[in-house]
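Q: Residue numbers (the working numbering): 13 to 99. No residue lacks a Cβ here, since even glycine has one placed at the ideal position from N, Cα and C.
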Amino acid sequence: MIDDINKGFLSIDELIDNISRGGEVEFEYRNKKYSITHTSEAIHVMEFNNYNTLKVYNSAKEIISYRIGEERIKDLLDKIKVTFRCF
C-alpha cells in the first residue's frame, strides 16, 4: 500500500499497468465505493456489495470500458478518489 499523498493514478496507462501486475484498487465516486480485484481467472470491477454492477474482464486493458452511469472509468480518473491500492 502507498501513502495518502499519492494514492491516485496520473494516467489511465498507470492504472492499467497497476492492474496488469496484479494490483487491486478501491475508489470512491459520487459517495459510492468501488473495487477492482482479481480472481484466479479474471478481473472484477464493481460497486461495493452491489453484484448487479459486477463486470468481469479478461485483461487490465478491458477495465477502461467499465461504466459508472453513462461515464467510462477511463474518463473518470481525475474525478475518483482512490482510497486503497497495492503495487
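Can you list, in chain order, the residues of its chain whose CB lies under 7 Å from that of F39, leaving out five sequence neighbours each side?
A: Y46, I92, K93, V94, T95
Q: In chain order, what residues of the same chain have a beta carbon less than 6 Å from the beta carbon of N30, not counting five sequence neighbours either side?
A: Closer than 6 Å at Cβ, skipping near neighbours: F99.
Q: What is the DSSP secondary structure of T51, reduced to helix, strand or coil?
A: coil
Q: Using 10 angstroms around the beta-carbon of A54, count the other beta-carbons present and answer buried if the total reaches 16, otherwise exposed.
A: So A54 counts as exposed.
Q: Less than 7 Å between C-beta atoms, sequence neighbours within five positions excluded: which residues of the same chain meet that for D90?
A: Excluding sequence neighbours, D90 sits near nothing in its chain.
Q: Could you check the C-alpha separation between G34 and R97 for me, to the nearest Å?
A: Cα to Cα, the separation comes out at about 11 Å.
Q: Measuring alpha carbon to alpha carbon, tell me which residue in L88, R79, N70 is nearest S32.
A: N70
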